[in-house]
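First the structure, in the form of structure tokens, and then the observations on it.
Numbering (our numbering), first residue to last: 219 to 401.
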């Protein structure tokens, strides 16, 4: 109660000051207003872009859609490669099909888009793009420079811990936060 009385008295005192002080007070008020939005990023952190596999998510100037995820792709990879080693015990090949659409104003480089597999166990894995000798099929994801509105779809190869579940963290140029895709 005493704080309320003191705050009210202080506010009245400020309002009754001379004209030159009144001109300075809005500057102080704007500083206080600026301090309030600084507390709001926590709300935007909670609102990080999220999607499920098959749904697009935005990261910076990019729209990313993980179309499919095959967590145990050993047989397909070994058949396609003809010479790749079998993964060590406890590891397995995984295959992701992804579409990247560039929505920026200049050109965008697909090699700058990071898509990391984040399993619950914590051993992260990044995709091997342009793994021409090991990625099965003809739809290998390549590094490309895209024009505004340009789109690229392809497969990326991952080496992950066997029998894990996780999510994908996506960071692209211009992103202010990590986009997350869950199975």
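Using N, Cα and C, we set each Cβ at its ideal position, and we do this for glycine too.
Run of the beta strand (DSSP E) containing residue i, from where it starts to where it stops
i: residue 277; result: 274-277
i: residue 373; result: 369-379
i: residue 269; result: 268-270
i: residue 329; result: First-last for residue 329: undefined, no H or E at that position.
Sequence-distant residues of the same chain with beta carbon closer than 6 Å to residue i, five excluded per side
i: residue 334; result: 342, 344, 387
i: residue 397; result: 267, 275, 277, 388
i: residue 290; result: 310
i: residue 294; result: 354
i: residue 319; result: 281, 369
i: residue 269; result: 275, 399
Within 9 Å, strictly: CB atoms of residue i and residue j
i: residue 284; j: residue 271; result: yes
i: residue 337; j: residue 288; result: no
i: residue 339; j: residue 379; result: yes
i: residue 391; j: residue 316; result: no
i: residue 322; j: residue 373; result: no
Residue burial classification, residue i (beta-carbon count within 10 angstroms, cutoff 16)
i: residue 371; result: exposed
i: residue 361; result: exposed
i: residue 304; result: exposed
i: residue 359; result: buried
i: residue 375; result: buried
i: residue 400; result: exposed
i: residue 381; result: exposed
Proximal residues to residue i (C-beta, below 8 Å), its chain only, five neighbours per side dropped
i: residue 377; result: 305, 309, 310, 311, 312, 343, 346
Bounding residues of the alpha helix (DSSP H) (the contiguous stretch that carries residue i)
i: residue 397; result: First-last for residue 397: 397-400, but that is the beta strand (DSSP E), not the alpha helix (DSSP H).
Residues near residue i in its chain [Cβ-Cβ closer than 7 Å; skip 5 each side]
i: residue 394; result: none
i: residue 356; result: none
Check: Do the stretch 355-370 and the stretch 325-334 make contact, defined as three or more Cβ pairs closer than 8 Å?
Finding: yes
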